[in-house]
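Okay, structure first, notes after.
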Amino acid sequence: MAKNHDSGKGHQPKHNHGEEHRPMRDVAAAVAEQTGEVMNTARDKGQEALQGAKESVGMLPERAASQLKQAAGQLREHLPQEGQLGSVAHKVADGLDSGASYLKEHDLNAIGEDLAGIIRSHPIPLVLAGVGLGFLLGRTIRS
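Okay, so the sequence shown: first residue is 71 according to the numbering used here, each after it adds one.
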């Protein structure tokens with residue numbers, strides 16, 4: 071009697087490894103697609119926020135011009151029109167109006183270029199003015 075030592079190795083089903091990994095590939099593809107969609111949405115939201123910020127920043131000169139015009143009007147309304155104080159108030163109000171007109175006529179790039187030119191032309195007085203302004207702000211805050 072011969073014993074059959076067949077351990078069943080010949081009866082194992084054949085596996086196609088490509089088919090075994092197909093569900094993982096499908097999951098990976100779905101994850102990649104969802105990640106791409108999330109990234110696109112994030113990019114779009116970021117661009118919208120940046121555009122909104124640009125528009126807000128672009129409106130700053132116009133808002134500042136409006137505030138300057140308003141301040142000039144209040145100076146003219148509430149300060150004396152005659153005498154030395156009236157003369158000074160009138161010059162300050164004219165300066166505010168001039169600044170308002172400048173802000174309305176120039177964009178932020180032009181303002182930045184002009185400011186850089188002024189700083190290059192007069193660095194020491196501007197540094198001293200900054201130090202003085204910082205000193206005054208410091209005293210005001212401590213009071």
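Virtual Cβ for every residue (Gly too), placed ideally from N, Cα, C. If you're wondering where the values come from, they're calculated on a predicted model, not measured in any experiment.
DSSP assignment within the segment 108-190 yields the following whole alpha helix (DSSP H) runs of 4 residues or more, N-terminal first: 153-175. Each of V158, L130, L206, L198 was checked against the Cα of I181, and the nearest Cα belongs to L130. The C-beta of L173 has 16 or more other C-beta atoms within 10 Å across all chains shown, which makes the residue buried. By the criterion of a C-beta distance shorter than 6 Å, Q117 is surrounded by no residue of its chain, once the five residues flanking it on both sides are discounted.
Burial check for A135: the Cβ neighbour count within 10 Å reaches 16 or more, so the residue is buried. Closest in C-alpha terms to L149, from the list L138, K139, Q137, A163, comes A163. The beta carbon of K139 sits closer than 6 Å to the beta carbons of A170 from its chain, once the five residues preceding and following it are set aside; these are given in chain order. Distance from L185 to G128 at the Cβ level is roughly 17 Å; contact not present, criterion being Cβ atoms closer than 8 Å.
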